[in-house]
Amino acid sequence: MHAMQYEITFPADYDMGIIHRRIATKGHLLDHHPGLGLKAYLVRERGLDGSPVNQYAPFYLWRTAEGMNSFLWGPGFRALSGDFGRPTVRHWIGAGLHRGPAADGPTADSPAAGAPVAATRLTARLPEGVDPAEAVERALAELPDHPDLHTAAVAVDPARWEVLRIALWRTAAPEDVPGARYRVHHLSSPELDRLPAGRHW
Numbered sequence: 127m128h129a130m131q132y133e134i135t136f137p138a139d140y141d142m143g144i145i146h147r148r149i150a151t152k153g154h155l156l157d158h159h160p161g162l163g164l165k166a167y168l169v170r171e172r173g174l175d176g177s178p179v180n181q182y183a184p185f186y187l188w189r190t191a192e193g194m195n196s197f198l199w200g201p202g203f204r205a206l207s208g209d210f211g212r213p214t215v216r217h218w219i220g221a222g223l224h225r226g227p228a229a230d231g232p233t234a235d236s237p238a239a240g241a242p243v244a245a246t247r248l249t250a251r252l253p254e255g256v257d258p259a260e261a262v263e264r265a266l267a268e269l270p271d272h273p274d275l276h277t278a279a280v281a282v283d284p285a286r287w288e289v290l291r292i293a294l295w296r297t298a299a300p301e302d303v304p305g306a307r308y309r310v311h312h313l314s315s316p317e318l319d320r321l322p323a324g325r326h327w
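Counted from 1, the sequence shown has number 140 at position 14 by the working numbering; the numbering is strictly sequential.
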């Protein structure tokens, strides 16, 4: 599993309706993309959920490197770069995945379960002398266990020795969960069920 994210930050007075409409019209294009576990179309808006910026920051979990490469070298990313400039793409190696109760969709016992509407993301640098394996184990143990959790993942950037924790939520993220907050405007998850849960790095 590979985690990937890029962030496009806009001026404070930018009309974020442009981004909302872009997602509404183009979000479905990756709903069946081979090798894609999920793409969460994440948005931050200045003044909402404590965000200081306007930002489009989609997050991806790729099941295969081939799927990730076909996106980065394909027409979708080319069109995005043409419209907003080519963004810096962050990449992490997947270390663990947890599917929450909301990932299964609506059921008789949980009729409100479904697509996520919010996300939290926390990154932390590992100090010198910290065992990366132990840090990953701690991060996996700290993944939230909550009825509104859709999906949570841990990933590592070994160039920066940075650990990433991201969680998608069916409702507003719990206040006690740390990290930057986003709204999820669409979720493409063609191969989420094929991503192995638990530790797999």
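The beta carbon of each residue, even a glycine, is placed where N, CA and C say it ideally should be.
Predicted model, so just to flag it, every value in this text is computed and none were measured.
8 angstroms Cβ cutoff met for residue i and residue j
i      : j      : result
TYR182 : ILE145 : yes
VAL262 : ALA221 : yes
PRO270 : ALA306 : no
THR249 : LEU290 : yes
GLY200 : LEU155 : no
GLY324 : LEU275 : no
GLY161 : GLU192 : yes
ARG189 : GLU317 : yes
TRP218 : PRO258 : no
ALA166 : LEU313 : yes
ASN195 : TYR140 : no
Distance between residue j and residue i (C-alpha atoms, nearest Å)
i      : j      : result
ALA298 : PRO184 : 18 angstroms
PRO242 : ALA278 : 11 angstroms
ILE134 : GLY163 : 22 angstroms
LEU321 : MET130 : 15 angstroms
PRO237 : ARG309 : Note that PRO237 scores 42 on pLDDT, short of 50, meaning its location in the model is unreliable; the coordinates nonetheless yield the value given after this. Using only the alpha carbons, I get a separation of about 21 angstroms.
ARG172 : TYR132 : 18 angstroms
PRO300 : GLY143 : 26 angstroms
ALA239 : LEU198 : Because the pLDDT of ALA239 is 48, which lies under 50, any placement of that residue in the model is unreliable, and the number read from its coordinates should be weighed accordingly. When rounded, the distance between both Cα atoms is 32 angstroms.
HIS159 : HIS128 : 15 angstroms
GLY211 : ARG147 : 19 angstroms
ARG251 : SER207 : 29 angstroms
ALA205 : ALA265 : 35 angstroms
First through last residue of the beta strand (DSSP E) which encompasses residue i
i      : result
ALA323 : Note, ALA323: premise wrong, no beta strand (DSSP E); not H, not E.
ALA129 : 128-132
ALA278 : 275-283
GLY202 : Premise fails: GLY202 lies in the alpha helix (DSSP H), 201-210, not in any beta strand (DSSP E).
LEU198 : Where LEU198 is concerned, there is no enclosing beta strand (DSSP E), although the alpha helix (DSSP H) it sits in stretches over 191-198.
HIS224 : 215-225
TYR186 : 185-188
Identity of the residue in the options nearest residue i by Cα
i      : options                           : result
HIS311 : HIS159, THR214 and ILE149         : ILE149
VAL169 : PRO213, LEU318, PHE136 and ALA285 : PHE136
GLU260 : TYR132, PRO178, PRO304 and VAL280 : VAL280
ASP319 : ASP230, SER207 and ASN180         : ASP230
GLU254 : SER177, HIS272, SER196 and PRO284 : PRO284
ALA244 : SER177, ASP302 and TRP295         : TRP295
PRO304 : PRO273, GLY211 and ASP175         : ASP175
HIS224 : PRO273, THR151 and VAL215         : PRO273
First through last residue of the alpha helix (DSSP H) which encompasses residue i
i      : result
GLY163 : Premise fails: GLY163 lies in the beta strand (DSSP E), 162-170, not in any alpha helix (DSSP H).
GLU317 : GLU317 -> no alpha helix (DSSP H), and no H or E assigned at all.
ALA265 : 258-267
ALA245 : Per DSSP, ALA245 belongs to no alpha helix (DSSP H); it is in the beta strand (DSSP E), 244-251.
GLU288 : Not the alpha helix (DSSP H): GLU288 falls in the beta strand (DSSP E), residues 288-295.
GLY255 : Note, GLY255: premise wrong, no alpha helix (DSSP H); not H, not E.
CB contact check: residue i to chain C, cutoff 8 angstroms
i      : result
LEU290 : The displayed structure is made up of one protein chain only, and chain C is not part of it.
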